[in-house]
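Q: Can you read through this structure? Questions will come right after.
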Amino acid sequence: MKTLYKSGGISISQIMYSNNPLLLSNNNRCILVDTGVKEKCETILDRIEKALNGRHLQALIITHAHHDHVENVASIKEKFKAKVIAQKDEADYIQKGISSPLSPWNYAKGEKIIKCSLARWNFKPTEVDIWVEEQMSLSEYGMNAYLLCTPGHSCGDLSIIVNNEVAIVGDSLGGMKKRPFAKKIHIASERAVTSWETLIGLNLKKYITTHNVIIEYEDLIAMYENYKIEVDLLRKLS
Ligand SMILES: [Zn+2]
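Under our numbering, residues 18 to 255 are what the sequence shown spells out, in order.
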């Protein structure tokens with residue numbers, strides 16, 4: 018299991034090498050972030066069990082209810098008896114077992130979203146135990162960390178800020194590196210851009226996505242500046 022970050026007793030490790038879930042731990046306190054895709058369910062359950070090594074999984078945080086982040090939520094909750102935590106606008110989707118809206122121009126599992134029935138992205142529903150609004154401390158789970166709502170990619174994305182040094186951002190920074198999205202959406206939603214600015218304003222060392230990409234602060238600034246230049250150009254052309 019690859020460790021992406023370790024400081025002040027807290028470590029962040031990958032359960033799957035190319036994707037979510039991530040495990041956040043501080044000695045015997047463990048929290049899982051996201052759940053991966055259903056095709057990998059057995060492997061994910063086995064790897065979580067090994068990573069826990071007898072420790073209890075206290076909580077399962079869902080960054081957002083897109084199918085590739087939540088499909089195994091019920092299996093993980095059942096097996097490890099963890100409390101499910103999600104932002105209130107995503108919680109409803111998790112309890113109904115349907116993916117929060119996916120961009121129709123996007124692709125999932127090799128198929129254009131618009132071309133397949135939304136039922137394709139359904140999963141086993143489960144109850145969300147803790148509904149987050151704007152922010153929530155994780156101190157009761159033994160972590161110097163908090164949840165922050167950074168919406169725009171989905172309706173209620175959550176980021177996890179750890180030690181005021183790194184953030185697990187889910188897909189909240191998706192779309193800033195516009196290509197290959199440029200043809201379909203020229204400009205990200207106002208909410209997404211506000212969330213990027215909030216995350217940049219935190220001035221953290223690293224921004225860990227749940228798709229095997231870690232962005233350093235300087236690179237994030239460069240991406241954001243580049244985005245703004247390209248958007249201005251597109252506005253002038255249109
Ligand atoms: Zn997503």
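Backbone N, C-alpha and C define an ideal beta-carbon position, used for all residues, glycine too. Computed from a predicted structure; not experimentally measured.
Note down, one range per segment and in chain order, each alpha helix (DSSP H) of at least 4 residues found wholly within the stretch 39-92.
A: 58-69 and 84-87
Q: Do Val145 and Val101 have their C-beta atoms closer together than 8 angstroms?
A: Against a cut-off of 8 angstroms, the Cβ pair of Val101 and Val145 comes out as a contact.
Q: Secondary structure at Ala184, three-state DSSP: helix, strand or coil?
A: strand
Q: How many angstroms separate the CA atom of Ala199 from the CA atom of Met33?
A: Residue placement at Ala199 is poorly supported in this model, since its pLDDT is 49, which falls under 50; the coordinates are not used for a value here.
Q: Count the other C-beta atoms from every protein chain shown that fall within 10 angstroms of the C-beta of Leu77, then say buried if there are 16 or more, exposed otherwise.
A: buried
Q: Are there 16 or more other CB atoms within 10 angstroms of the CB of Thr20, so buried, or fewer, so exposed?
A: So Thr20 ends up on the exposed side.
Q: Please state whether the Cβ-Cβ distance between Tyr110 and Ala82 is less than 8 angstroms.
A: Yes.
Q: In chain order, what residues place their C-beta within less than 5 angstroms of a heavy atom belonging to ligand 1?
A: His83 and Asp188
Q: Beta-carbon within less than 7 angstroms of Lys13's beta-carbon, same chain only, minus the 5 sequence neighbours each way: which residues are those?
A: The displayed coordinates of the chain run from 18 to 255. Any statement about residue 13 would go beyond what the structure contains.
Q: Have a look at Asn181 and Ser30 and give me their C-alpha separation to the nearest angstrom.
A: Rounded to whole angstroms, Asn181 and Ser30 show a C-alpha spacing of 18 angstroms.
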